[in-house]
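Residue numbers (mature numbering (1 follows the signal peptide of the UniProt record, and there is no 0)): -22 to -1, 1 to 231.
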């Protein structure tokens, strides 16, 4: 189907106040924040990536990326359709994402953030599309400039704080991250994604407080993994994250 063809073509192609560099900090599993405000999840000085488990990974940088998240109502159908528009249909191409962002219901604005390279390594230029409730970003295979930056990820009923590791991050990838109020259900989202991808999820676990899973989709040009991770579903405000990455892509160091 058309969506699988697009995917096949595409595959061819911490806590606030913590130091930005986490060179002496190990990876720690910590209790989930009682409130995302006051943590890296606010998003003001963080880029949002996707870790190896498909979870949102907030990476602290030295610059203002966007205003603090302002949660807004989100439906399952809208989230699935926006992910298709912004990440599946754009094939990891920044120019195509810019075109798609112009028609997004998120009313996205763009911010270019440059992170200097480490030693002789390359700089990272991050093109972040943001709105009060959403972040969208395409990540390339190179992210060494962020190595050892402080991170915070949310998963199920916990959180992990530690230094950024490119090798444990989905690169390349495209992700949509939303801070939501009144999300209308994981099951409708999975059903909408099933229609878009033409496939059932390889794994999907849905609980009252959280949900996560992934699809493995394959076309003539290669395979891709689409993952979702949703936390705090029992709270007024929930973190929703959806990502796509090519399977078998070159792994960053």
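C-beta atoms are modelled at their ideal positions from N, C-alpha and C, and glycine is treated no differently.
Is there a Cβ of chain D sitting closer than 8 Å to that of residue i, yes or no?
| i | result |
| --- | --- |
| residue 119 | The chain labelled as chain D is not found in the depicted structure, where only one protein chain is given. |
Between the options, which has its C-alpha nearest residue i's C-alpha?
| i | options | result |
| --- | --- | --- |
| residue 8 | 40, 31, 177, 138 | 138 |
| residue 129 | 37, 62, 113 | 37 |
| residue 147 | 22, 76, 223 | 223 |
| residue 225 | 78, 195, 211, 212 | 195 |
| residue 122 | 94, 65, 78 | 94 |
| residue 212 | 200, 219, 185 | 185 |
| residue 20 | 168, 136, 111, 179 | 111 |
| residue 45 | 89, 100, 67 | 89 |
| residue 220 | 104, 96, 31, 160 | 31 |
| residue 201 | 73, 217, 69 | 69 |
| residue 161 | 135, 126, 217, 172 | 217 |
Does residue i come out as helix, strand or coil in the three-state DSSP assignment?
| i | result |
| --- | --- |
| residue 173 | helix |
| residue 59 | helix |
| residue -1 | Note that residue -1 has pLDDT 37, beneath the 50 cutoff, so the model's placement of it is unreliable and the number below is only indicative. Coil at residue -1, not helix or strand. |
| residue -11 | Confidence at residue -11 is low in this model, with a pLDDT of 49, below 50, so its placement is unreliable and no value can be given for it. |
| residue 211 | coil |
| residue 164 | helix |
| residue 131 | strand |
| residue 180 | coil |
| residue 205 | strand |
| residue 122 | helix |
| residue 48 | coil |
| residue -6 | Note that residue -6 scores a pLDDT of 35, beneath 50, so its modelled location is shaky; the value from the coordinates is reported in the next line. Coil at residue -6, not helix or strand. |
Taking the beta strand (DSSP E) that residue i falls in, what are its first and last residues?
| i | result |
| --- | --- |
| residue 80 | From DSSP, residue 80 is part of no beta strand (DSSP E) but of the alpha helix (DSSP H) over 72 to 80. |
| residue 142 | It is not in any beta strand (DSSP E) - residue 142 carries neither H nor E in the DSSP assignment. |
| residue 152 | 151 to 159 |
| residue 27 | 24 to 28 |
| residue 43 | Counting along the chain, residue 43 falls outside any beta strand (DSSP E), and DSSP gives it neither H nor E. |
| residue 87 | 87 to 93 |
| residue 98 | Element bounds for residue 98: n/a, residue is neither H nor E. |
| residue 114 | 112 to 117 |
| residue 38 | 34 to 38 |
| residue 106 | 102 to 108 |
| residue 9 | 6 to 9 |
Which whole-angstrom value is the C-beta distance of residue i and residue j, which I expect to be below 8 Å?
| i | j | result |
| --- | --- | --- |
| residue 133 | residue 209 | 7 Å |
| residue 34 | residue 131 | 6 Å |
| residue 39 | residue 127 | 7 Å |
| query | Counting pairs of Cβ atoms below 8 Å between the stretch 11 to 20 and the stretch 76 to 87, do you hit three or more? | reply | no
| Within the chosen definition, does the stretch 27 to 35 reach the stretch 142 to 161 through at least 3 CB pairs nearer than 8 Å? | yes
| Any contact of the stretch 58 to 72 with the stretch 151 to 161, i.e. 3+ C-beta pairs under 8 Å? | yes
| message | Using 8 Å as the cut-off, can you tell me whether the stretch 189 to 204 makes contact with the stretch 114 to 128, which would need three or more C-beta pairs spanning the two stretches below that distance? | response | no
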